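Since the structure comes first, as structure tokens, the remarks are kept for the end.
Protein chains in written order, with UniProt numbering: chain A, 1 to 162; chain B, 1 to 288.
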């Protein structure tokens, strides 16, 4: 059986591991690195639960092979909160707006939306719904997620107080 | 829901990819963006012995505009969406990109992968038909250019030979007076369309329609030009009646299938309505 050695930087730490070519990137993160924040839902690119940032852009980790991440940079949901006591503004907004119930889809939503909230100060409902169309949530009905995105954009783009 | 075992070959140049393809032939699959192939592997609908990864081949990712718009087959869809050359010389592509799956998919998905995969409901094959694109294929036997209209054979079938790699898409730049429109209906934004249309046309000094190209997707075994509608439109003066007739005529050019999402009758109806609306869009467009 073919095994390949790869070097991947995840959340600022560089890991060197031997993997089978068929190892999905999602399974590599969860099983080989123990980063179980990235969730696996449908495993064929529909639900968005496994979304990560690949070289800074949101991508489905279940639709990539771990060997393809060799030499690349990945950010997972574990990197969002600055420390154990504080949440990222996007996480804070999800919490305050009740944008999660079971929470299974939440890591995917957060990673999909992170570049969006960073670049949008005052998005319309339509823009928000388009931005989250690639993620499925079976609990919330999405309305609270839309509210959370608005709140996150306000938190992140608020004028700095002197 | 995990891929079956395969041997992985990372190609670092087109030559390496062609070598690997020549060596492994029918047992090999080319991996482009992987947004369709990996699900197929995860479902075990295919179990190729060898996967040849084109992602490290840098020479296949480019956008150049020098008389003709040239797009490397491994150019990411997200790049197309944001590229100024695309917005300037092929704005139909820019208009269609937000409908191609989701941003998370476009990050990885490539134009060449979408064309070579030839999903009947995919947007990019229809866009290439409407733009009269030419596709370039390479093998150890040499280079071959294939007009888009001769490329898409049917469900997941293209004119590519087993030893060929799609390397480039060449598009005649849209002239400033070219009008265009893109419309589709999908159950959820970013899903594969139930039906859709991409079209281009020009108006001459007398206001008659010139070189109409109406491409439909989701309503045939591959993206298809609506030749009957195009014949009606070509040289004609736009009127409500003409648009109605042309939209009605697309039924002659398509053979939609029924599935859990929509019946063939409904898909035909959608194709007709979308064609009429897209023609209206294009005619209402202001050009330079």
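For every residue, glycine included, the Cβ atom is placed at its ideal position computed from N, Cα and C.
Please read all numbers here as calculations on a predicted model, not as lab measurements.
Select from the segment 96-121 of chain A all residues with a C-beta closer than 7 Å to any C-beta belonging to chain B, and list them in chain order.
-> 112
State the start and end residues of the unbroken beta strand (DSSP E) segment that holds residue 8 (chain B).
-> 7-10
DSSP puts residue 173 (chain B) in a beta bridge; with which residues?
-> Residue pairing from DSSP leaves residue 173 (chain B) without any beta-bridge partner.
Using a Cβ-Cβ cut-off of 6 Å (strictly less than) and excluding sequence neighbours within five positions of residue 1 (chain B), which residues of its own chain qualify?
-> 42
Residues that residue 24 (chain A) bridges to, as DSSP identifies them = For residue 24 (chain A), DSSP records a beta bridge to A:65.
Under 7 Å Cβ-Cβ, which residues of chain A neighbour residue 259 (chain B)?
-> Within chain A, no residue comes near residue 259 (chain B); the closest Cβ sits about 16 Å away, beyond 7 Å.
Decide yes or no for the touch test of the segment 164-180 of chain B against the segment 78-94 of chain B: beta carbon pairs closer than 8 Å, at least 3 of them.
-> yes
Residue nearest to residue 110 (chain B) in terms of C-alpha spacing, selected from B:73, B:53, B:225 and B:144 | B:73
Spatial neighbours of residue 213 (chain B) within its chain, please: CB distance less than 8 Å, with the 5 preceding and 5 following residues excluded, ordered by chain position.
-> Around residue 213 (chain B): 129, 130, 131, 132, 199, 200, 201, 225 and 230.
Which residue spans inside the segment 19-48 of chain B form an unbroken alpha helix (DSSP H) run of at least 4?
-> 37-42
State the Cα-Cα distance for the pair residue 177 (chain B) and residue 61 (chain B), rounded to the nearest angstrom.
-> 29 Å
Flag residue 189 (chain B) as yes if its beta-carbon sits less than 7 Å from any beta-carbon of chain A, otherwise no.
-> yes
With 16 other Cβ atoms within 10 Å as the buried cut-off, status of residue 163 (chain A) = The structure shown does not extend to residue 163 (chain A), since chain A spans only 1 to 162, so no value can be given for it.
When the Cα of residue 194 (chain B) is compared with those of B:180, B:274 and B:181, which residue comes out closest?
-> B:274
Please work out which residues of its chain come closer than 6 Å, Cβ to Cβ, to residue 101 (chain B), disregarding the five sequence neighbours upstream and downstream, and give them in chain order.
-> 190
Please determine if the segment 2-9 of chain B and the segment 103-112 of chain A are in contact, where contact requires at least 3 C-beta pairs separated by less than 8 Å.
-> no
So, is the C-beta of residue 67 (chain A) closer than 7 Å to a C-beta in chain B?
-> Closer than 7 Å: yes.
Residue 290 (chain B), buried or exposed, once every other Cβ within 10 Å from all chains shown has been counted against 16 = A query on residue 290 (chain B) cannot be resolved here, the shown segment of chain B reaching from 1 to 288 and no further.
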